[in-house]
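Everything below concerns the one structure shown next.
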Amino acid sequence: MGSRIRTALSRAKYAAVGAAVGAAVGGLWSRNAASTGGALGGLAGATLAELKSGAGGVFADKEDDDEADDGDDEANDGDVEADAAA
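Its first residue numbered 580, the sequence shown is counted upward by one per residue in our numbering.
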């Protein structure tokens, strides 16, 4: 449970920082641009947090990729046949 809360807070932190940076940059032009910049920055921050926290994200460890592709294609053949039969 605590891990899920930390993950949610981390994602919220990235979104908040992205929104603040976007609003600051947009605020250099006008109020409308600040609002739009804040929204786009928040979206970018949330997307970055999701990519960072996901198992297959941009910042995932190479060990995860090595375990998934162990060169044993025979183990995956049964899954394909089972899916085709269903």
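For each residue, glycine too, the CB sits at the ideal point set by N, CA and C.
Every value quoted in this text rests on a predicted model; they were computed, and no experiment measured them.
S614: member of the alpha helix (DSSP H) spanning R610 to S632, first to last residue.
Between L630 and G597, the CB-CB gap reaches or exceeds 9 Å. For the pair G621 and G606, the CB atoms are not nearer than the 9 Å cut-off. For G581, the enclosing alpha helix (DSSP H) has its first and last residue at G581 to G605.
Contact check for A594 against G616 fails: the beta carbons are separated by 9 Å or more.
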